[in-house]
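Numbering that gives the first Met the number 0 puts the first residue of the sequence shown at 0, with every later residue one more than the last.
A virtual CB, placed ideally from N, CA and C, is assigned to each residue, including glycine.
Keep in mind it's a predicted model, so treat the numbers as computed, not measured.
Everything below concerns the one structure shown next.
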Amino acid sequence: MLHPPPGDEQQLVLPVGFDKVVQVIDRYVADRQTGRPRLAQSRGHRLPALLLAREPDGATAAGTAAVPDPGLTALVLAYRQRLVSSTNEPDRYLASLAPHAVVDDARLARTGPQEDPAGAPHVRLLEDVAFQLRASMPEGAGPLRLPEFDTCLAVLRAVLPPGAEEERQALQSVLCDRFTQRFQAPPNAARLGDAVGGRWGALFRLLTVVPAGWLWRNWYGMRIDRHHPWVGRMLNQAGRSFLNAAAALRAAHHHTLAQDPAEPGHPEAAALAVRDEAVVRQILLTALIRDLVKAARPRVWSRRRPRRRWAFVLLLPTVGGEGSACRKFLDTYAAVVRDTGTSPLLVLGAATAELPSYAAGLLRPVLPAQQPAIPDARRAEEAPAALFAAAAAGRATEAVQVLALPRTDDDGTAKDWLAVHRAVRSQRPRALDWARPVAAVTAAALLCTGGFLLSRALVEHFFGAHSPAPRPAAASSSCRQVPTGEVVGLTDGTDGCDLAHGLYAPDLRKLEQTLGHQNAQVDTSRPYRSLVFFAPLSVGSESKRTVPTGFQMLRGALLAQKQVNDGHRKSQVPVRLLIANAGEYFRYGSRTAAGTTTGGGHSGVDVAQIIIDRAERDHIAAVIGLTQSRPESQQAAIELGARGITVLGTGVSGQRMVQGASPVSYFQLSPPDSRIAAVVAAFARHSPRLQPMAAPAPEALGPAAVVVFDPQDTYFSADLAHRFQSAYRSTGLVRLVPYGEVDDGRRTRAVADTVCTLVQRTNGFVFYAARSSVMEDLFLYMQHNRQCRAHRGGVAVLAESPAPDLVLHPSLMPQKYGALTLFYNQFSLPAPDGPFAKTFRAAFGLSAENDSAVGHDAVNILSEAMDAIFTTDRSFSPSALVTYLQDPGVPEYVGESGVITLDGSHNYPPNKEIHIREITPTGTKITDLTCGILADGAQSVTHWGPDDSYTCPVDDASS
0 MLHPPPGDEQ QLVLPVGFDK VVQVIDRYVA DRQTGRPRLA QSRGHRLPAL LLAREPDGAT
60 AAGTAAVPDP GLTALVLAYR QRLVSSTNEP DRYLASLAPH AVVDDARLAR TGPQEDPAGA
120 PHVRLLEDVA FQLRASMPEG AGPLRLPEFD TCLAVLRAVL PPGAEEERQA LQSVLCDRFT
180 QRFQAPPNAA RLGDAVGGRW GALFRLLTVV PAGWLWRNWY GMRIDRHHPW VGRMLNQAGR
240 SFLNAAAALR AAHHHTLAQD PAEPGHPEAA ALAVRDEAVV RQILLTALIR DLVKAARPRV
300 WSRRRPRRRW AFVLLLPTVG GEGSACRKFL DTYAAVVRDT GTSPLLVLGA ATAELPSYAA
360 GLLRPVLPAQ QPAIPDARRA EEAPAALFAA AAAGRATEAV QVLALPRTDD DGTAKDWLAV
420 HRAVRSQRPR ALDWARPVAA VTAAALLCTG GFLLSRALVE HFFGAHSPAP RPAAASSSCR
480 QVPTGEVVGL TDGTDGCDLA HGLYAPDLRK LEQTLGHQNA QVDTSRPYRS LVFFAPLSVG
540 SESKRTVPTG FQMLRGALLA QKQVNDGHRK SQVPVRLLIA NAGEYFRYGS RTAAGTTTGG
600 GHSGVDVAQI IIDRAERDHI AAVIGLTQSR PESQQAAIEL GARGITVLGT GVSGQRMVQG
660 ASPVSYFQLS PPDSRIAAVV AAFARHSPRL QPMAAPAPEA LGPAAVVVFD PQDTYFSADL
720 AHRFQSAYRS TGLVRLVPYG EVDDGRRTRA VADTVCTLVQ RTNGFVFYAA RSSVMEDLFL
780 YMQHNRQCRA HRGGVAVLAE SPAPDLVLHP SLMPQKYGAL TLFYNQFSLP APDGPFAKTF
840 RAAFGLSAEN DSAVGHDAVN ILSEAMDAIF TTDRSFSPSA LVTYLQDPGV PEYVGESGVI
900 TLDGSHNYPP NKEIHIREIT PTGTKITDLT CGILADGAQS VTHWGPDDSY TCPVDDASS
């Protein structure tokens, strides 16, 4: 039952301006979201606790400290009267307008049986507050449920059987009995089943006893240990086990009860008992605040949500010495809200003894001598109004604020005004309150129905009679078989999704097996993150082309994943690696498919969206790879960046990938076309290795260049060709020869004839700027061309993107294409006898060349970044990784592919390591040019050639 505050309220004298203070408090009690922006109301915030005090006698200077006053107790108790109202019912009872509680030493002495094992004063203090808040819930607002507080209280009150060997199991059983009792069958159910008898009686007992009781009890028992992980954190317990934390909480509580304050004991034992009492009190108050946060804001579809806009009010009329109940509660509240940050409690107290040290004073402003002093009433109103406005705006405020009231008494008008004007009113139930649950149920039903109908329509459209039957591997929702015969999508190597297709399918299947084995070793019950290797990894049924460059990068990434997870470093995030196949030409990687240079649509398949859909389930933090500069790959980076997912490109060099529409979440480990073109032009002009095969014209500084490029491939081939032309135009003649990625054999033969004719006529060399997937098609026709075979010294071919097989197996070049000499650039050159090359060869039986080091560095860079974030945020989102790479970024990371710097100003490594290598007629490889900051010794190479005669080109980002 609710009672008015004690005392004769007719004799209550208010300080001047106290009515203004009450008006401010009333506004935030009636609506705790007052002053908050609508978009910010879903986020939690904390209202400050006000501690009333008096201004000192004769204090006129600003900054003077406040002093306690026992007379302020009456003001706090009188405020309680504003939270209740008489009803119009015949019995005229008091109805609560907002849930509230009063902490009182005398009340605690009357409550709680002393023989209660948990009946210590610090427990009864919080239990009494919870009881009053439940009893004072306004009508129509529903009951106040405090599940976390009740669970913690049940842990303290649990009477375990004597000699219990395993406290965890005994405590689990007690909690299950306590909180599943309402699901047990009523006592009469068994007798009713016996009365029915026969098979129907047995069936009745089965339906009433097993589902409602046994099943729920077992389900609750399995989940209770994973509940309330914050208790373990507050007790510094390792792991997330609530039962372990509950046992430690009981131990602290029993240690407090065992310490008799009347008997002098060991000072250390007494200090430990005081500490344990504070810990128990803080955990109970934390549980209560967490429950109140949920109760203050029910689910969005609850009909009670509009009726719970008030704040929970807590009145502390006698904040006295450190032993008083009000002071203990305020001490605990100040310590708890500093960590929780969110609290729907509005605490109002009166300082009757020494002020707490943690209470911040609302100081009076310093005024110029000529300016008149602010009146007491206005000053009393402005201080709490500014304080509550700051809290509503989200600005940091102290947990407890002292409000010094003037010593001047009011003339009585304030009390009369407060008696008439009441801002706190109870929200009556309305028929409109049911609009929320009705709308939620209707929306859920419509979404389910629409989703079912849409899924049926999509399945019929894409996998109907006119589409090829999907393979078993494509049954996974993250794998789709497309009209080209490829299987695109996402796999972790264990879900039965086989992405392999085409000429190199066996190689990819081996890598999928390795992927599944390594991912199976990651403990997914603990925090982890996933990286996705996203690239074209298959070819169409009618195509014989492939680009297994991505395979080498994938091998490097798999090796890095194993090394990272085997490291077992402190604060390390285990890494799972997923593979995403975008299909040949990156055709199915993003929404940009229709009208691409490679032709054909993508049947609505968007692998980037599949990755986004799996991001939350698989804890995807970033995507690596891409491996090709195309509109489709950049669109995929844009789609992923829009969801805050970092993309770290490997083997990507197109200038548009790092400029223009490139999102802030995109980075790459390769130099762009501008620097590659400059390095290739410098090499062609000065290289002594090129001179025996290509000689300059009398009026030129360098030999003529026959540039083979795809004019439709604007992101890579055409861009590189035109940049090389601009860089080399002042050196020698440049002739452009178009060569499309999808040209047929007759067109390829004609291109080879044109190239060989131009090389023979100009005594020049070939700069191959087209895609690596069609290089060997052209080489085959050039090898059998008479003019290429007759060229003095053979035909020199300088390539930015060579065929991967020729790099991995250089002996194929003289065996198959003896009339040609291949020069190619490479972005990493691991030492053949170095640790990385040896480990790579042992793992895969292959050379570590052809950008395997780039895939290795990509995983290691992201792993170190995630480890750094993990130390401060164990549940970080993907966008946190984007922010980290922007600032502080990756400063001069020495990897296997060079020295790498990435940050907000560099989305690719400045002055990246670059080599030009040659496959000799004997099938061996030599290095003709090395420039940039090397991984070997972290040294910067600025000159190349005989006696370092020539300067290495650098890019603009190196400055």
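- Considering only 933, 936, 928, the residue with the shortest C-alpha distance to residue 950 is 928.
- Taken through DSSP and simplified to helix, strand or coil, residue 99 comes out as strand.
- Residue 836 and residue 829 have their C-alpha atoms spaced approximately 6 Å apart.
- In this structure, residue 738 and residue 707 form a Cβ contact; the two beta carbons are roughly 5 Å apart against a cut-off of 8 Å.
- Assigned with DSSP and collapsed to three states, residue 499 falls in coil, not helix or strand.
- A Cβ-Cβ distance of about 10 Å is found for the pair residue 417 and residue 20, leaving them out of contact under the 8 Å criterion.
- Around residue 104, the same chain offers 317, 323, 324, 325 as residues with beta carbons nearer than 8 Å, after the five sequence neighbours per side are excluded.
- Spanning the alpha carbons of residue 568 and residue 237 requires a straight line of approximately 17 Å.
- Between the alpha carbons of residue 876 and residue 746 lies a gap of roughly 50 Å.
- Per the coordinates, the alpha-carbon of residue 937 lies some 46 Å from the alpha-carbon of residue 748.
- A straight-line Cα-Cα distance of about 42 Å links residue 282 and residue 646.
- Residue state for residue 569 is assigned as coil, using DSSP reduced to three classes.
- Less than 9 Å separates the beta-carbon of residue 82 from that of residue 95.
- For residue 899, the secondary structure class from DSSP, reduced to helix, strand or coil, is strand.
- Considering only 916, 932, 933, the residue with the shortest C-alpha distance to residue 925 is 916.
- Cβ neighbours of residue 580 within its own chain (closer than 6 Å, five residues either side excluded): 487, 498, 536, 537.
- Shown here, residue 795 sits in a strand according to DSSP, grouped into three states.
- Here DSSP, grouped into helix, strand and coil, assigns residue 654 to helix.
- Here residue 875 carries a coil assignment [DSSP, helix/strand/coil].
- For residue 859, the enclosing alpha helix (DSSP H) begins and ends at 851 to 869.
- Cα atoms of residue 718 and residue 818: separation of roughly 28 Å, rounded to the nearest angstrom.
- Contact between residue 513 and residue 44 does not hold, since their C-beta atoms are separated by about 50 Å, which reaches or exceeds 8 Å.
- In this structure, the alpha-carbon of residue 649 lies about 49 Å from that of residue 334.
- Within the stretch 598 to 668, the beta strand (DSSP E) runs of at least 3 residues that lie entirely inside it are, in chain order, 619 to 625, 645 to 649, 665 to 667.
- Taking residue 510 as the centre and dropping the five residues before and after it, the same chain places the C-beta of 550, 553, 554, 557, 578 closer than 8 Å to its C-beta, in chain order.
- If you look at residue 730, you'll find it isn't in any alpha helix (DSSP H); DSSP assigns it neither H nor E.
- Excluding its 5 nearest sequence neighbours in each direction, residue 604 has C-beta neighbours in its own chain below 7 Å: 479, 481, 487, 587, listed in chain order.
- Distance check between residue 490 and each of 403, 391, 606, 501 places 606 closest, using alpha-carbon atoms only.
- The three-state reading of DSSP puts residue 927 in strand, counting E and B together.
- The C-alpha of residue 11 lies about 11 Å from the C-alpha of residue 76.
- Listed as beta-bridge partners of residue 400 by DSSP are 49, 359.
- Under the DSSP definition of a beta bridge, residue 332 lacks any partner.
- Straight across, the Cα-Cα distance linking residue 832 with residue 698 is about 46 Å.
- DSSP, reduced to helix, strand and coil, places residue 408 within a strand of the structure shown.
- Residue ranges of uninterrupted beta strand (DSSP E) with 3 or more members, entirely inside the stretch 689 to 760 and ordered along the chain, are 704 to 708, 733 to 737.
- Fewer than three beta-carbon pairs drawn from the stretch 882 to 890 and the stretch 773 to 791 are found closer than 8 Å, and the two stretches are therefore not classed as touching.
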